[in-house]
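A short worksheet on the structure shown next.
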Amino acid sequence: MSVTVMKLLVLMIVNTRKQLIQPLWVWIRRRILMKKIEAIIRSDKLEDLKNALTGSGLAKGMTVSQVLGYGTQRGFAEFVRGQRIVPTLLAKVKVEIVVKDLAVDEVVDAIRGAVATGEVGDGKIFIVPIDDVIRIRTGERGGDAI
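Each number in the numbering used here comes from the position in the sequence shown (counting from 1) with 3 added on.
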């Protein structure tokens, strides 16, 4: 746990007045708490997702990787040279976005709105807590470094 978080927790414990504790918690969520949103999506939906996130200003940046995997979809059977072949791994795209905690629901809604087709194989969204972020160039830390 970072020193800043520990200091803030001490402030919360020492202060028994409820009117200060609520704004302090909101300040912590805005400044310190961050989440990484990982979305595994169909490859052909990447442009739609990029447009949805950059157009709304929800994401300052993203990392995109080509991945292979399967879920309940398991792949569609294909016929190659007369033989039925079921691929075990399907090509997908993994998009990773780190956002402040308060923006998570908005980003998830934007992702779902941009990539959902209602069919099996639309993908998954994983939300993971982030302890810290450091901007290499300036040394900034936390939410300011996103």
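Glycine residues also receive a C-beta, built at the ideal position from the N, C-alpha and C atoms.
Give me the residue from the options with the minimum Cα distance to residue i.
{"i": "Val110", "options": "Asp134, Ile130, Thr75 and Arg45", "result": "Ile130"}
{"i": "Ser46", "options": "Thr120, Ala119 and Ala94", "result": "Ala94"}
{"i": "Leu61", "options": "Gly85, Lys103, Ala119 and Gly126", "result": "Lys103"}
{"i": "Leu92", "options": "Ile149, Ala148 and Gly74", "result": "Gly74"}
{"i": "Ser59", "options": "Ala106, Thr66, Gly72 and Ala119", "result": "Ala106"}
Please report the straight-line C-alpha distance between residue i and residue j, rounded to a whole angstrom.
{"i": "Ile133", "j": "Gln69", "result": "23 Å"}
{"i": "Glu122", "j": "Gly142", "result": "44 Å"}
{"i": "Ala124", "j": "Leu49", "result": "Residue 124 is actually Gly in this sequence, not Ala. Straight-line Cα distance between these residues: approximately 14 Å."}
{"i": "Ile128", "j": "Asp108", "result": "12 Å"}
{"i": "Val72", "j": "Val89", "result": "Residue identity differs from the one stated: residue 72 is Gly in this sequence, not Val. Spanning the two alpha carbons is a distance of roughly 13 Å."}
Let's test the definition: count the other Cβ atoms within 10 Å of the Cβ of residue i and tell me whether it reaches 16, buried, or not, exposed.
{"i": "Ala42", "result": "buried"}
{"i": "Ala117", "result": "buried"}
{"i": "Lys38", "result": "buried"}
Does the distance from the C-beta atom of residue i to that of residue j stay below 8 Å?
{"i": "Gln52", "j": "Val98", "result": "Sequence check: residue 52 is Leu here, not Gln. Yes."}
{"i": "Ile44", "j": "Val96", "result": "yes"}
{"i": "Val83", "j": "Val136", "result": "no"}
{"i": "Ala113", "j": "Leu56", "result": "yes"}
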